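**Student:** If you scroll down you'll find the structure; I have some questions about it.
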Amino acid sequence: MMLSAPAFAQALPRACEMLSALSLPVASVGWTQVWTILLVIATLCVLAVLYTHGWNTSMIRAVEKRTFLLRAELEEKKKAEETLRNSVESLAATLNAMGHGVITLDSSGSIRLMNAQAERMTGWAASDAWGKSIETVYRLKHPETGLPVQPAILAALKGVVPPADVASQHILASRSGREILVSDIAAPIFDKTGHMTGAVIVFNDLGVSAEREIAIRQAQRMEAIKLLAGGVAHEFNNLLAGISGSAEILESRIRPGDRSHDYIKAILSTVERATELTAKLTAFSGSSAPNTRVVNIHDVINDVIALISGAMSPKVEIARQLRAPVPLVSADPLQIQQAIMNLAFNASEAMPNGGRLTFGTEQVALDETFCARSTFRIVPGNYIAISVTDTGVGIPRELLPRLFDPLFTTKRSAGEGIGLGLAAVYGIVKNHKGSIAIESEPGAGTTVRMYFPLAPEAATARPVRAASDRLIRGEGRILLVDDEHLIRMVGTDVLTSLGYRVDTASDGFEAVKFIQENPGKTDLVILDLIMPGMDGRDTLREIRKLDPKVPVMISSGYPLSADEKCELSRSGPLSFVQKPYRAPLLSQLVAEALGRPS
């Protein structure tokens, strides 16, 4: 039995009244009254015990109920924490499994999260990067200039531009100094109210090293410049051919002893210098086909030293370190000589106060790594390295990639030229399927190495026959085809003075029409290769259809490769003359084309 609190409250006053009624003098108390008092006291005790027990039971039940609720809440909280932990782990696993780097930022541009790929590419551990500015960890450079670039999303975080997705390609410089080309996209993060709270950057390694990317871009730029250089050289050669021919005609018509001869010689001398300049342009452009044969590089270097010794400052000491055991390469010796001389004169200019100029050779094996980093398309194998080293002022590192650019020069005074010598070296080396490497530090001198493929076997170099100044006269009818009026005019006068009858055509259509209307009456066609409308190749093809046996001499300001000459020669008798040409050379070539001794 359990007594409730209200029942106990009602019973307690009643028991007290009974106890008061029994309050008698001790002497008059009998055993009946004693037992009654004891019964009342016992009743009161029982009531107290019952009340206390009931109250304790209620409290226990309340505590048990509260404990149950707390346990339920705790279990629910544990389940929520477990779910959250699983979600975080799943998200982390997902981010780390991605092939892209991921970095999240707060509104100030500080890093709050990085995945494993971002750690690998930046070289920063996530724990080290946490809280650091994005510019410190995610260091970007411009892919062409190499200058530092800020992540574009920073402008949005700073409120400079409206927030938007931004995509770009840059060079990422890692903490270790390694550089890679990355493509990235950054997007802002907004809260429920539309307020920008941060940003996320996702970036991908494009699989191309920064060094290789710069080399590729430089090679592409050089190809574009080479194309321009070839076109300029062609146009210059056409102009020089007209100037040279006009001057020679004037010279032949002026009386001996006339002072005009001096001016004409000055004109011809200037034309020769301009021709050398265009030769450098064509060498750089890769359009000047080398007259390749197996040559001894040591012989070429010794010839260069003999040529330049008198032109060098007496303060410059010349040394040799010719170590290649078999210094044989398949090359045009004149072009190789020109390249070495250009490097030598550039080296001497870097030593205004004197120094040491060293020519060296060695045989090396170039591996795939070297070939991949080179801006030249070369294959692994054995090469002869020709080095030209000076002890001069050196070259700043940032200028090295531009040294062979014909539009760039470190020369500042008006009399120093424009630096086409190194551009010509670039073209010569490329023509020979070689490569170039430069080592330089300001104040420590410069070494330029040219790599040429080692010749598979030795052969005797053919001697070069010197051109004669003798004019060879002849007879016959010649069709001169050229879109330049000056060349047609001068060519007609020169050939007429040599005894030939000359017809002219300003383009391919006129030439084909002339052959059609005068079958079998032309002994030789001198044909410009590059003309508007019907070019030289198409004109040659149509002429061959009309007269397969007529000799044709290709005349162009744009040099032809050996393969191009071979292809054109398949159609019939063919010879070649390079603009600009002098009258003696033209007379010899015309005589040879007509089958007459020269």
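With this note's numbering as the guide, the letters of the sequence shown map in order to residues 4 to 601.
Ideal placement from N, C-alpha and C gives every residue a C-beta, glycine not left out.
Being a predicted model, the structure only gives us computed values, none of them experimental.
#1: Residues bridged to G448 by DSSP?
#2: With DSSP as the reference, please indicate the residues paired to E85 in a beta bridge.
#3: Looking at C-alpha atoms only, which residue of R258, A189, G560 and S578 is the closest neighbour of P554?
#4: In whole angstroms, give me the CA-to-CA distance for A586 and L184.
#5: Measuring CB to CB, does L243 end up less than 8 angstroms from V274?
#6: Could you round the C-beta distance between D131 and G201 to whole angstroms and report it? I think they count as a contact, below 8 angstroms.
#7: I'd like the list of long-range same chain contacts for A596, defined as Cβ closer than 6 angstroms, with 5 residues on each side in sequence excluded.
#8: Give every residue of the same chain whose Cβ lies closer than 6 angstroms to the Cβ of L116, excluding the five residues on either side of it in the sequence, and list them in chain order.
#9: Could you check what DSSP says for V553 in three-state terms: helix, strand or coil?
#10: Does DSSP classify E487 as helix, strand or coil?
#11: Give a yes or no on whether the C-beta atoms belonging to C374 and V367 are separated by under 8 angstroms.
#12: Do you know whose CA, among S500, P576, Q591 and I518, lies nearest E251's CA?
#13: Taking 8 angstroms as the threshold (C-beta atoms), are L498 and I481 in contact?
#14: Between T542 and V484, how many whole angstroms is the CB-CB distance? I'm expecting something under 8 angstroms.
#15: Please list the terminal residues of the continuous beta strand (DSSP E) segment that includes Q324.
#16: Using 10 angstroms around the beta-carbon of E487, count the other beta-carbons present and answer buried if the total reaches 16, otherwise exposed.
#17: At the level of alpha carbons, what is the spacing between K81 and N207?
#18: How long is the line joining the alpha carbons of R88 and G149, rounded to whole angstroms?
#19: Under 6 angstroms Cβ to Cβ from V451, same chain only, skipping five residues before and after it: list those, please.
#20: Residues in the same chain with beta-carbon distance under 6 angstroms from R504, minus the five sequence neighbours each way, listed in chain order, please.
#21: Starting from the Cα of N521, find the closest Cα among M534, D506, G511 and G430 and give me that residue.
#22: Is the beta carbon of A155 less than 8 angstroms from the beta carbon of S171?
#23: Decide yes or no for the touch test of the region 303-318 against the region 263-278: beta carbon pairs closer than 8 angstroms, at least 3 of them.
#24: Excluding the 5 residues flanking L592 on each side, which residues of the same chain have their C-beta closer than 7 angstroms to its C-beta?
#25: If you run the structure through DSSP and keep just helix, strand and coil, what is L474?
#26: Could you say which of E545, K433 and R142 lies nearest to K516 if we only look at CA atoms?
#27: Given a threshold of 16 other Cβ atoms within 10 Å of its Cβ, counted over all protein chains shown, does T86 qualify as buried or as exposed?
#28: By Cβ distance, which residues of its chain are closer than 6 angstroms to I439, with the 5 residues on each side in sequence left out?
#29: To the nearest angstrom, how far is it from the Cα of K68 to the Cα of L77?
#30: Taking DSSP as the reference, what is the three-state secondary structure of L532?
#31: Which residues in the same chain as S186 place their Cβ atom closer than 8 angstroms to its Cβ, once the five residues preceding and following it in sequence are excluded?
#32: Closest to V329 by C-alpha separation, out of A388, P317 and E84, would be which residue?
#33: Could you name the residues that DSSP lists as bridge partners for S111?
#34: When you compare only the Cα positions, how much space is there between R323 and F362?
#35: Alpha carbon to alpha carbon, how far is M124 from A190?
**Tutor:** Reading from the atomic positions:
#1: Numbered from its first residue, the sequence shown carries residue 448 at position 445. BP columns for G448 point to E444.
#2: Counted from its first residue, the sequence shown places residue 85 at position 82. BP columns for E85 are empty, so no partner.
#3: As a position in the sequence shown, residue 554 is number 551, starting the count at 1. Closest option to P554, Cα to Cα, is S578.
#4: Locating residue 586 in the sequence shown gives position 583, where the first residue counts as 1. Locating residue 184 in the sequence shown gives position 181, where the first residue counts as 1. A586 and L184: Cα-Cα distance of roughly 56 angstroms.
#5: Translated into the one-based positions of the sequence shown, residue 243 becomes position 240. Translated into the one-based positions of the sequence shown, residue 274 becomes position 271. Taking 8 angstroms as the Cβ cut-off, L243 and V274 qualify as a contacting pair.
#6: Translated into the one-based positions of the sequence shown, residue 131 becomes position 128. Translated into the one-based positions of the sequence shown, residue 201 becomes position 198. So it is not a contact: roughly 20 angstroms between Cβ atoms.
#7: Your numbering for residue 596 matches position 593 in the sequence shown. Answer for A596: L527, P554, M556 and S578, listed in chain order.
#8: Translated into the one-based positions of the sequence shown, residue 116 becomes position 113. The answer, listed in chain order, is T107.
#9: Stepping through the sequence shown from its first residue, residue 553 is reached at position 550. Reduced to three states, the DSSP call for V553 is coil.
#10: The residue given as residue 487 occupies position 484 in the sequence shown. In this structure, E487 counts as coil in the three-state DSSP scheme.
#11: Reading the sequence shown from its first residue, position 371 is the one you call residue 374. Reading the sequence shown from its first residue, position 364 is the one you call residue 367. No, the pair does not count as a contact, with Cβ atoms beyond the cut-off.
#12: For the purposes of this step, residue 251 is identified with residue 248 of the sequence shown, where counting begins at 1. Measuring from the Cα of E251, the nearest candidate turns out to be S500.
#13: Residue mapping note: residue 481 aligns to position 478 of the sequence shown, counting from 1. Residue mapping note: residue 498 aligns to position 495 of the sequence shown, counting from 1. Cβ atoms of I481 and L498: closer than 8 angstroms.
#14: Translated into positions along the sequence shown, residue 542 becomes position 539. Translated into positions along the sequence shown, residue 484 becomes position 481. Right, the Cβ-Cβ distance comes to about 7 angstroms (below 8 angstroms), so this counts as a contact.
#15: On the sequence shown, residue 324 is found 321 positions in, with the first residue counted as 1. Unbroken beta strand (DSSP E) run through Q324: V319 to L325.
#16: Position 484 of the sequence shown holds residue 487. Result: buried.
#17: Translated into positions along the sequence shown, residue 81 becomes position 78. Translated into positions along the sequence shown, residue 207 becomes position 204. About 38 angstroms.
#18: Your numbering for residue 88 matches position 85 in the sequence shown. Your numbering for residue 149 matches position 146 in the sequence shown. Between R88 and G149, the C-alpha separation is close to 43 angstroms.
#19: In the sequence shown, counting from the first residue as 1, residue 451 sits at position 448. Around V451: L346, V391 and I441.
#20: Counted from its first residue, the sequence shown places residue 504 at position 501. Cβ within range, chain order: R480.
#21: By 1-based counting over the sequence shown, the position of residue 521 is 518. Comparing Cα-Cα distances from N521 to each of M534, D506, G511 and G430, the minimum goes to D506.
#22: Here residue 155 refers to the residue found at position 152 of the sequence shown. Here residue 171 refers to the residue found at position 168 of the sequence shown. Cβ atoms of A155 and S171: closer than 8 angstroms.
#23: no
#24: Start at 1 with the first residue of the sequence shown, and residue 592 comes out as number 589. If we look at L592 and ignore the five residues flanking it on each side, its Cβ neighbours are M556, S578 and V580.
#25: Here the question's residue 474 lines up with position 471 in the sequence shown. DSSP places L474 in coil when its eight states are reduced to three.
#26: Position 513 of the sequence shown, counted from the start, is the residue given in the question as residue 516. When only C-alpha atoms are compared, the closest one is E545.
#27: Taking the sequence shown and counting its residues from 1, the one referred to as residue 86 is at position 83. It counts as exposed.
#28: Within the sequence shown, residue 439 is the residue found at index 436, counting from 1. Around I439: V432 and M453.
#29: If you number the sequence shown from 1, residue 68 lands on position 65. If you number the sequence shown from 1, residue 77 lands on position 74. Cα to Cα, K68 sits roughly 14 angstroms from L77.
#30: Translated into positions along the sequence shown, residue 532 becomes position 529. DSSP places L532 in coil when its eight states are reduced to three.
#31: Residue numbering aside, residue 186 sits at position 183 when the sequence shown is read from its first letter. Only A170, S171, Q172, F206, N207 and L209 meet the Cβ criterion.
#32: Taking the first residue of the sequence shown as 1, we reach residue 329 at position 326. Residue A388 is the option with its Cα nearest to V329.
#33: As a working mapping, residue 111 is identified with position 108 in the sequence shown. In the DSSP output, where bridge partners are listed per residue, S111 has none listed.
#34: One-based indexing of the sequence shown puts residue 323 at position 320. One-based indexing of the sequence shown puts residue 362 at position 359. About 5 angstroms.
#35: Sequence index remark: in the sequence shown, residue 124 carries index 121 (1-based). Sequence index remark: in the sequence shown, residue 190 carries index 187 (1-based). So the two alpha carbons sit approximately 20 angstroms from each other.
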